[in-house]
């Protein structure tokens, strides 16, 4: 069975975005765990799909233009991730979305479809968000590993990563690294 890994960036108080619906403290949305070579499918929720698709498509179309959300130029890592995002199959978990316009993207209707995907041959399935999707899949026992990048900021108001979690989940820390920029990378096995 394929491994399902959820990777999220958050503030030290567990927020994945601020009051404006955006994590303005994140300098780069690229993969922070060096997992790209091991991933051959990504899952995200409907709420995240539109912004995710627009963000990575814009970088791929014009990597030398400032990004709409931040006004900053994309990082080299974000340009690399844009290539990855446009060439890797993506699955949008939604019970209501009729279709998607992004190539290489399929709509999954429920968590059972994610479970069926993990039973097919392949490499890591990467859950890129959002919060409800991560919490829902975690509650259904469909996430094997959580990879969290913790930013040195107390965000206060904003959306909490685990605000919709229904149950308690035991985790086992398997790796922790601090970085020069003050972020901390934590890797947890789920259910250990």
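In our numbering, the protein residues as written are 1 to 192. Backbone N, C-alpha and C define an ideal beta-carbon position, used for all residues, glycine too.
Whole-Å CB distance - residue i paired with residue j, under 8 Å assumed
i          : j           : result
residue 91 : residue 128 : Their Cβ separation, rounded to whole angstroms, is 10 Å, which puts residue 91 and residue 128 out of contact at 8 Å.
residue 60 : residue 86  : 5 Å
residue 16 : residue 161 : 5 Å
residue 72 : residue 66  : 6 Å
Simplified DSSP assignment, three categories, for residue i
i           : result
residue 69  : coil
residue 150 : strand
residue 28  : coil
residue 175 : strand
residue 55  : helix
residue 35  : coil
residue 81  : helix
residue 120 : coil
residue 163 : coil
residue 17  : strand
residue 100 : coil
residue 61  : helix
residue 23  : coil
residue 133 : helix
residue 76  : helix
Outcome for residue i when other beta-carbon atoms lying within 10 angstroms are tallied against a minimum of 16
i           : result
residue 98  : exposed
residue 74  : buried
residue 156 : exposed
residue 31  : buried
residue 137 : buried
residue 149 : buried
residue 9   : buried
residue 117 : buried
residue 176 : exposed
residue 159 : buried
Whether residue i touches residue j by CB criterion (8 Å)
i           : j           : result
residue 78  : residue 29  : yes
residue 6   : residue 154 : no
residue 190 : residue 124 : no
residue 147 : residue 184 : no
residue 199 : residue 40  : As shown, the chain starts at 1 and ends at 192. That puts residue 199 outside it, with no answer to give.
residue 94  : residue 114 : no
residue 132 : residue 21  : no
residue 82  : residue 102 : no
residue 139 : residue 166 : yes
Residues that residue i bridges to, as DSSP identifies them
i           : result
residue 9   : 149
residue 92  : 44 and 107
residue 127 : 6 and 43
residue 189 : 145 and 172
residue 114 : None; residue 114 has no bridge partner.
residue 184 : 150 and 178
Short CB-CB distance (under 8 Å) between residue i and chain C
i           : result
residue 165 : Among the protein chains of the structure shown there is no chain C, as only one such chain exists.
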